[in-house]
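Shown next, in structure tokens, is the structure this report addresses.
In full-length UniProt numbering, the protein residues as written are 1 to 635.
Right, dumping it as structure tokens:
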């Protein structure tokens with residue numbers, strides 16, 4: 001492929017999407033090939049491949065075995081927290097998934113039924129997901145360790161009556177018993193759970209109390225393997241819950257057909273990987289990255305995927321990622337910027353990375369939050385290979401914008417996710433829904449129809465789907481992100497639209513200020529939030545975490561940061577205050593919780609989100625912010 005081919009592909013996907021996606025769909029083995037490529041349902045929502053029939057699990061497993069690749073590694077499992085390593089071939093994975101599907105079928109699970117999967121980063125989690133898909137059942141993966149009330153909400157919303165879990169999750173310094181959390185959730189849930197199947201892990205055995213509780217291995221031993229069940233392309237494959245502004249999580253629905261086509265296409269076009277390549281998305285299957293690029297994308301493409309039960313640091317050190325890449329010959333590594341910031345903080349000169357042979361590692365991909373230029377520059381300096389920022393969302397399931405390695409890599413621009421991928425007709429709109437000129441900031445929106453693989457709705461709530469994504473700018477999907485497209489067509493995502501602060505009438509991006517703060521040699525990571533001000537409406541406050549071993553006078557640092565912002569952005573930013581903090585509150589996927597920090601700084605009540613990595617961090621931050629804010633209010 002080439003840059004010219006990219007332009008041709010983007011043009012065709014925009015002007016004749018049916019022909020473009022029909023070509024991509026033809027690369028899959030369908031049970032019934034679709035003849036209707038793009039249609040609309042009764043509510044006006046677009047549907048891809050509506051009359052096609054297939055099975056995602058069969059495409060990800062059986063198809064490779066039939067093609068003679070049964071002995072190829074499908075999964076590499078590496079668990080530094082349990083000192084366990086294992087390799088599972090496509091043939092063995094197919095057998096184990098068929099057996100698990102048979103277990104579920106024996107529990108009464110069939111096409112369209114919902115199954116909650118509440119498990120850690122172990123092969124059985126992936127097996128459970130693929131087993132559900134094999135039966136046409138709808139899986140709903142909930143990150144292991146979520147609080148019982150949050151799990152109960154998901155049981156009720158999905159109306160799931162089977163839960164698959166493990167006895168525990170294992171982290172660096174603690175073991176989290178899952179069964180008590182599951183039991184509490186089942187008691188809280190209004191919808192009855194018929195069966196709870198528990199995988200016993202050696203480090204923590206769970207009590208099985210009632211007939212509802214089943215031992216995973218015993219239930220498997222009595223099961224007959226199940227064949228793959230062909231389903232309609234528009235049938236739901238999974239529900240994945242993401243946080244919503246109302247406090248009630250949104251169940252994003254992904255279909256079988258569009259998802260399979262998009263995953264296969266993105267593995268080629270975005271990542272340039274295929275049969276036999278080792279692909280590692282260093283995430284968790286509880287997140288969309290895990291669904292798309294630990295499980296379905298790599299397996300549909302015939303890759304070897306890595307399941308890693310550990311952290312980027314402290315398992316045992318900041319060289320953990322590089323050890324895995326070297327040991328297994330990883331071609332493509334994908335992680336969140338926050339992971340590399342943690343590595344950079346612990347190993348600023350990348351000395352640990354130099355201990356490993358990384359010659360087979362071709363590219364590094366980052367997504368999940370904005371890639372700050374200092375992190376990009378650090379990776380570029382020490383690893384001398386393409387560092388690719390790409391932007392997408394839980395709702396889209398794959399990259400909206402990326403440097404298209406499968407066509408031809410373009411010269412990167414720091415802070416840019418490069419070009420919109422074919423299928424995403426991206427526009428920058430002002431608040432009235434009108435397009436703005438190149439270089440002007442606005443709301444990032446995508447003209448309908450969305451390409452295959454994107455959400456098809458919100459589970460059980462079509463009105464919420466339209467109100468949340470489609471009604472703001474008729475004819476467009478609204479991303480909720482702000483940004484701009486420059487004259488070369490490069491996409492710059494500046495952050496969520498609610499990360500724009502208004503200082504004396506000037507709309508300013510906190511992301512731009514964070515770029516400046518992050519360039520200071522003492523700063524490991526940072527966040528900028530808007531705090532109330534009687535005169536100017538809002539003023540920016542910088543929260544900075546120092547690099548390990550760095551000591552600097554807070555007043556000196558505040559002055560230097562203010563000078564940098566004034567030089568790079570201007571006096572209109574009114575950036576004068578910064579505060580050194582020990583750490584920033586984040587979700588388990590590494591996203592900084594800016595909205596919560598704004599609420600703390602404003603003295604507002606806040607609810608600790610279920611996705612937070614360490615709840616104690618909020619009280620710690622509140623203890624630092626409250627005196628600062630009180631001093632500000634009293635002058």
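By construction, the Cβ of each residue, glycine as well, lies at the ideal position given by its N, Cα and C atoms.
Computed from a predicted model, the values in this text were never measured in an experiment.
Q | Contact check, residue 252 vs residue 125, beta carbons under 8 Å | A | Contact annotation: residue 252 and residue 125 have beta-carbon atoms that are not nearer than 8 Å.
**Q.** Residue interval of the alpha helix (DSSP H) (run including residue 338)
**A.** For residue 338, the enclosing alpha helix (DSSP H) covers residues 337-346.
Q | Where the beta strand (DSSP E) through residue 655 begins and ends | A | This structure leaves residue 655 out entirely; the chain is present only between 1 and 635.
Q: Return the residue from the list 621, 465, 556 that minimises the CA-CA distance to residue 45.
A: Ranking the options by Cα distance to residue 45, first place goes to 465.
(Q) For residue 348, tell me which candidate among 440, 326, 317, 12 has the shortest Cα-Cα distance. (A) Ranked by how close their Cα comes to the Cα of residue 348, the residues 440, 326, 317, 12 have 317 in first place.
Q: Provide the residue span of the alpha helix (DSSP H) that contains residue 540, from first to last.
A: It is not in any alpha helix (DSSP H) - residue 540 instead sits in the beta strand (DSSP E) that spans 537-546.
Q. Which class does residue 127 belong to by DSSP, given the choice of helix, strand or coil?
A. DSSP places residue 127 in helix when its eight states are reduced to three.
Q) Going by DSSP, which residues form a beta bridge with residue 116? A) Its beta-bridge partners are 140, 163.
Q. So, residue 547 versus residue 369, is the Cβ gap smaller than 8 Å?
A. Not a contact, by the Cβ cut-off of 8 Å.
Q.
Among 408, 552, 544, whose alpha-carbon lies nearest the alpha-carbon of residue 5?
A. Looking at the Cα atoms, 408 is the closest of the given residues.
Q) Between the Cα of residue 545 and the Cα atoms of 431, 405, 346, 406, which residue gives the shortest distance? A) Nearest of 431, 405, 346, 406 to residue 545, Cα basis: 346.
Q | Nearest candidate by alpha-carbon position, reference residue 193, set 281, 313, 151 | A | Cα-wise, what sits closest to residue 193 is 151.
**Q.** Nearest-angstrom beta carbon gap, residue 447 and residue 483 [assumed within contact, 8 Å]
**A.** Your pair residue 483 and residue 447 does not check out as a contact, with CB atoms roughly 16 Å apart and the cut at 8 Å.
Q) What residue from 159, 169, 216, 207 has the CA that sits closest to residue 190's CA? A) Of the candidates 159, 169, 216, 207, the one whose C-alpha sits nearest the C-alpha of residue 190 is 159.
(Q) Just to confirm, is the Cβ distance from residue 331 to residue 278 under 8 Å? (A) Less than 8 Å divides the Cβ of residue 331 from the Cβ of residue 278.
(Q) Quick check: the Cα distance between residue 312 and residue 342, rounded to an integer number of angstroms? (A) Going by the C-alpha atoms only, they are around 7 Å apart.
Q) Is residue 246 buried or exposed, if buried means 16 or more other CB atoms sit within 10 Å of its CB? A) Note that residue 246 has pLDDT 45, beneath the 50 cutoff, so the model's placement of it is unreliable and the number below is only indicative. Residue 246 counts as exposed, since fewer than 16 other C-beta atoms from the protein chains shown sit within 10 angstroms of its C-beta.
Q.
Quick check on this structure: which residue in 379, 307, 113 has the alpha carbon closest to the alpha carbon of residue 79?
A. With respect to the C-alpha of residue 79, the residue from 379, 307, 113 having the closest C-alpha is 307.
Q) Taking C-beta to C-beta, are residue 581 and residue 573 nearer than 8 Å? A) Cβ distance not < 8 Å, so residue 581 and residue 573 don't count as in contact.
(Q) For residue 201, which residues in the same chain have their Cβ closer than 7 Å to its Cβ, ignoring the five residues on either side in sequence? (A) These residues qualify, in order along the chain: 166, 167, 168.
Q: State buried or exposed for residue 187, treating a residue as buried only when at least 16 other CB atoms are found within 10 Å of its CB.
A: Label assigned to residue 187: exposed.
Q. Does the beta-carbon distance from residue 399 to residue 237 come in below 8 Å?
A. No; because the gap between Cβ atoms is not below 8 Å, this pair is not in contact.
**Q.** Cβ contact (3+ pairs, closer than 8 Å) linking the stretch 265-285 and the stretch 296-303
**A.** Yes, they touch.
Q | Cβ shell of residue 146 (< 6 Å), same chain only, five flanking positions each side left out | A | Only 610 meet the Cβ criterion.
Q.
At the level of alpha carbons, what is the spacing between residue 109 and residue 135?
A. If you take the alpha carbons of residue 109 and residue 135, they lie about 8 Å apart.
Q. When burial is assigned at 16 or more other CB atoms within 10 Å of the CB, is residue 28 buried or exposed?
A. Per the 10 Å Cβ criterion, buried.
Q | Any 3 or more C-beta pairs closer than 8 Å across the stretch 7-19 and the stretch 420-427 | A | The stretch 7-19, when compared against the stretch 420-427, does touch it at the 8 Å Cβ threshold.
Q: Leaving out five residues on either side along the sequence, give the residues of the same chain with a beta carbon under 6 Å from the beta carbon of residue 137.
A: 109, 113, 115, listed in sequence order.
Q: Provide the residue span of the beta strand (DSSP E) that contains residue 92, from first to last.
A: First-last for residue 92: 90-106, but that is the alpha helix (DSSP H), not the beta strand (DSSP E).
Q.
Output needed for residue 358: all residues of its chain with C-beta closer than 7 Å, excluding positions within five of it in sequence on either side, in chain order.
A. Cβ-Cβ distances below 7 Å link residue 358 to 322, 325, 326 in the same chain, with the five nearest sequence neighbours on each side left out; the list follows chain order.
Q.
In whole angstroms, give me the CA-to-CA distance for residue 207 and residue 164.
A. If you take the alpha carbons of residue 207 and residue 164, they lie about 15 Å apart.
Q) Cα separation between residue 119 and residue 55? A) Rounded to the nearest angstrom, the two C-alpha atoms are 24 Å apart.
**Q.** residue 60 to residue 77 span [Cα, whole Å]
**A.** Answer to the nearest angstrom: the Cα atoms are 18 Å apart.
Q. Which residues does DSSP pair with residue 204 in a beta bridge?
A. In DSSP, residue 204 forms a bridge with 201.
Q) Do you know whose CA, among 305, 270, 262, 269, lies nearest residue 282's CA? A) Looking at the Cα atoms, 305 is the closest of the given residues.
Q) How big is the Cα-Cα spacing for residue 460 and residue 492? A) For residue 460 and residue 492, the distance between alpha carbons rounds to 34 Å.
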